[in-house]
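One structure is given below, encoded as structure tokens.
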């Protein structure tokens, strides 16, 4: 930890991530409510959040090309700076020209994906190899802290200040983030100054992942976290209203519980992160959240159900942060740009599929049925990751085994 605290780039990247994500979450909440009030459609409101997941998928080749062509410093500073302009435009045009504001929201969402890709690239190319995983874990945790801060700010500001003011706040957070990143002394070297085809970049990244069992294992584990994320988006309402029979106040109470759990999970993950992960530890992080969600879907007491659901959120956030750190640690330095772009493209795509699949399943068989299906998926992924670990070369397999030693560093 002392190495990270002496790293100026890490400290400023962490600060930028915290500030930027808080403004982003506040903006998404405000725009979702504004769209719902204007249209009266839940689908239209949810489409605001969906832009964060759809844009990196729809523009995957462009995202990959940018990550490879531009230096980390230029990539993240430009993305945050242009995002600030887009946020200001949304605030000014959402009333008189909503279609133009919607187009700017798409631009803003894509640029956010660029920043999410550029952060691990900068960390991998700046930090010593032995602390990269911990640095990634802390920055992913900062993103979750920012989400909690943005959600809290939303409860205080939404309905009391106009949407234009919210967008001005977001513009300010993005400008602060851009200035902080500009001061971070990130690498200026371009990975490949020639403009490569984005599809070729992604194809090369896929080939790199498939050829490295430990890297593929990290990718599979990280993709597995989309199942609890999808169920969390669905389960907050299903648990409160359908299972426990509560009203909107119950939904709000569970939202508070999950916000606290989000912060706790991020904190636990960041302070206990490690560059290696045994098969047993991975099994726990895959299966335990599913088991907790099943328990929360069975018990009828509000306190017990909410507490168990909160633990579910804590554990799946720990898994998300740990698996993210493991992926960047396992990525070869020479291919980190391609791997970072592939991660930003694949995860939203898998999350969209999980949201649709689990959403339909919960509608048909209820939250308990969805949780049982999630447990089955976790078991399959647990077997897959263990087989990938067995396929790794002997020395690499030994490196992936220790747990206690890494956590004591």
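In our numbering, the protein residues as written are 77 to 485.
C-beta: ideal position from N, C-alpha, C; glycine also.
*Exposure label - residue 485; buried when at least 16 CB within 10 Å*: As a working note, residue 485 is residue 409 in the chain shown. Note that residue 485 scores 37 on pLDDT, short of 50, meaning its location in the model is unreliable; the coordinates nonetheless yield the value given after this. Exposed.
*Could you pull the start and end residues of the alpha helix (DSSP H) that residue 413 belongs to?*
The residue labelled residue 413 in the question sits at position 337 within the chain shown. Per DSSP, residue 413 belongs to the alpha helix (DSSP H) from 412–467.
_Beta-carbon within less than 7 angstroms of residue 135's beta-carbon, same chain only, minus the 5 sequence neighbours each way: which residues are those?_
The residue labelled residue 135 in the question sits at position 59 within the chain shown. 186, listed in sequence order.
_Using a 10 Å radius around the Cβ and a threshold of 16 neighbouring Cβ atoms, would you call residue 113 buried or exposed?_
Here residue 113 is taken as the residue at index 37 of the chain shown, counted from 1. With fewer than 16 other Cβ atoms within 10 Å, it is exposed.
*For the putative contact between residue 257 and residue 443, defined by C-beta atoms under 8 angstroms, what is the C-beta separation to the nearest angstrom?*
Taking the first residue of the chain shown as position 1, residue 257 is located at position 181. Taking the first residue of the chain shown as position 1, residue 443 is located at position 367. So it is not a contact: roughly 41 angstroms between Cβ atoms.
*Where does residue 234 sit, in a helix, a strand or coil, going by DSSP?*
Within the chain shown, the letter at position 158 stands for residue 234. If DSSP states are grouped into helix, strand and coil, residue 234 belongs with the strands.
*Counting only the same chain and skipping the five closest in sequence on each side, list residues whose C-beta sits under 8 angstroms from that of residue 478.*
Counting from one through the chain shown, the residue named residue 478 turns up at place 402. For residue 478, the predicted structure reports a pLDDT of 46, less than 50, and the residue's modelled location is therefore unreliable. A value from the coordinates is still provided. Excluding residues within five positions, the ones whose Cβ falls inside 8 angstroms are 352 and 354.
*Member of 323, 462, 388 and 373 whose CA lies at the smallest distance from the CA of residue 356*: Here residue 356 refers to the residue found at position 280 of the chain shown. Selected option, being the one with the closest Cα: 462.
_Can you list, in chain order, the residues of its chain with a C-beta nearer than 7 angstroms to that of residue 193? Leave out the 5 residues immediately preceding and following it._
Taking the chain shown and counting its residues from 1, one reaches residue 193 at position 117. Correct list, in chain order: 139, 143, 416, 417 and 420.
_Which residue marks the beginning of the alpha helix (DSSP H) containing residue 143, and which one marks its end?_
In the chain shown, the residue the question calls residue 143 occupies position 67. From DSSP, the alpha helix (DSSP H) with residue 143 extends over 136–145.
*Any idea what DSSP makes of residue 304, helix, strand or coil?*
By 1-based counting over the chain shown, the position of residue 304 is 228. Three-state result, residue 304: helix.
*For residue 232 and residue 297, believed in contact at Cβ under 8 angstroms, the rounded distance*: Mapped onto the chain shown, residue 297 falls at position 221. Mapped onto the chain shown, residue 232 falls at position 156. 36 angstroms between Cβ atoms; not a contact.
_Taking the alpha carbon of residue 392 as the reference point, which residue from 203, 165, 247 and 307 has its own alpha carbon closest?_
Locating residue 392 in the chain shown gives position 316, counting from the first residue. Ranking the options by Cα distance to residue 392, first place goes to 307.
_Which same chain residues end up closer than 7 angstroms to residue 469 when comparing Cβ atoms and leaving out the 5 residues on each side of it in sequence?_
Taking the chain shown and counting its residues from 1, the one referred to as residue 469 is at position 393. Closer than 7 angstroms at the Cβ level, and outside the excluded window around residue 469, lies no residue.
*With a CB to CB cut of under 6 angstroms and the five nearest residues on each side skipped, what residues in its chain are close to residue 411?*
Position 335 of the chain shown, counting from 1, holds the residue named residue 411. 284.
*Touching or not, the segment 121–130 and the segment 273–288, by the rule of three or more beta carbon pairs under 8 angstroms?*
no
*Take residue 238 as the anchor and find which of 107, 115 and 385 has the nearest alpha-carbon.*
Within the chain shown, numbered from 1, the residue matching residue 238 stands at position 162. Checked all of 107, 115 and 385; the closest Cα to residue 238 is 107.
*So residue 449 and residue 370 are in contact, right, with Cβ under 8 angstroms, and what is the actual spacing, rounded?*
One-based indexing of the chain shown puts residue 449 at position 373. One-based indexing of the chain shown puts residue 370 at position 294. The pair is not a contact, with the Cβ atoms about 11 angstroms apart (cut-off 8 angstroms).
*For residue 190, which residues from the same chain have a beta carbon less than 7 angstroms from its beta carbon, with the 5 sequence-adjacent residues on both sides left out?*
Sequence index remark: in the chain shown, residue 190 carries index 114 (1-based). So the list reads 139, 142, 151 and 155, once near-sequence residues are dropped.
*Could you check what DSSP says for residue 215 in three-state terms: helix, strand or coil?*
Start at 1 with the first residue of the chain shown, and residue 215 comes out as number 139. DSSP places residue 215 in helix when its eight states are reduced to three.
*Quick one: grab the DSSP three-state call for residue 487.*
It is not possible to answer for residue 487, since the shown part of the chain is limited to 77 through 485.
_Under DSSP, the alpha helix (DSSP H) around residue 365 begins and ends at which residues?_
Translated into the one-based positions of the chain shown, residue 365 becomes position 289. Where residue 365 is concerned, the enclosing alpha helix (DSSP H) stretches over 355–374.
*Leaving out five residues before and five after residue 345 in sequence, what residues of the same chain have Cβ atoms less than 7 angstroms from its Cβ?*
As a working mapping, residue 345 is identified with position 269 in the chain shown. Excluding sequence neighbours, residue 345 sits near 213, 217, 393, 394, 397 and 398.
*Which one of 376, 459 and 103 has the shortest CA to CA distance from residue 248?*
Position 172 of the chain shown, counting from 1, holds the residue named residue 248. Looking at the Cα atoms, 103 is the closest of the given residues.
_If I follow the unbroken alpha helix (DSSP H) through residue 96, where does it start and stop?_
One-based indexing of the chain shown puts residue 96 at position 20. Residue 96 -> alpha helix (DSSP H) spans 84–115.
*residue 105 and residue 251: beta carbons closer than 8 angstroms?*
Counted from its first residue, the chain shown places residue 105 at position 29. Counted from its first residue, the chain shown places residue 251 at position 175. Not closer than 8 angstroms, so no.
*Residues of its chain near residue 165, where Cβ-Cβ distance is below 6 angstroms and the 5 sequence neighbours each way are ignored*: The residue given as residue 165 occupies position 89 in the chain shown. The answer, listed in chain order, is 180.
*asked:* Closer than 8 angstroms is the cut-off here; do at least three beta carbon pairs connect the segment 317–335 with the segment 194–208?
replied: no
_Taking 6 angstroms as the limit between beta carbons, can you name the residues of its chain near residue 177, skipping five residues before and five after?_
By one-based count along the chain shown, residue 177 stands at place 101. These residues qualify, in order along the chain: 166, 169 and 170.
*In its own chain, which residues sit with a C-beta less than 8 angstroms from the C-beta of residue 339, not counting the 5 before and 5 after it?*
Residue mapping note: residue 339 aligns to position 263 of the chain shown, counting from 1. The residues are 220, 221 and 224.
*First and last residue of the alpha helix (DSSP H) that includes residue 79?*
Counted from its first residue, the chain shown places residue 79 at position 3. Start and end: 78–81.
_What residue range does the alpha helix (DSSP H) around residue 201 cover?_
In the chain shown, counting from the first residue as 1, residue 201 sits at position 125. Taken as a continuous stretch (DSSP letters only), the alpha helix (DSSP H) holding residue 201 covers 174–202.
*Taking DSSP as the reference, what is the three-state secondary structure of residue 350?*
Counted from its first residue, the chain shown places residue 350 at position 274. Three-state result, residue 350: coil.
*Which value, in whole angstroms, describes the spacing of the CA atoms of residue 255 and residue 110?*
If you number the chain shown from 1, residue 255 lands on position 179. If you number the chain shown from 1, residue 110 lands on position 34. Residue 255 and residue 110: Cα-Cα distance of roughly 30 angstroms.
*asked:* Am I right that residue 310 and residue 116 are in contact with their C-beta atoms under 8 angstroms? What's the rounded C-beta distance?
replied: Position 234 of the chain shown, counting from 1, holds the residue named residue 310. Position 40 of the chain shown, counting from 1, holds the residue named residue 116. Incorrect: roughly 21 angstroms between the Cβ atoms, too far for contact.
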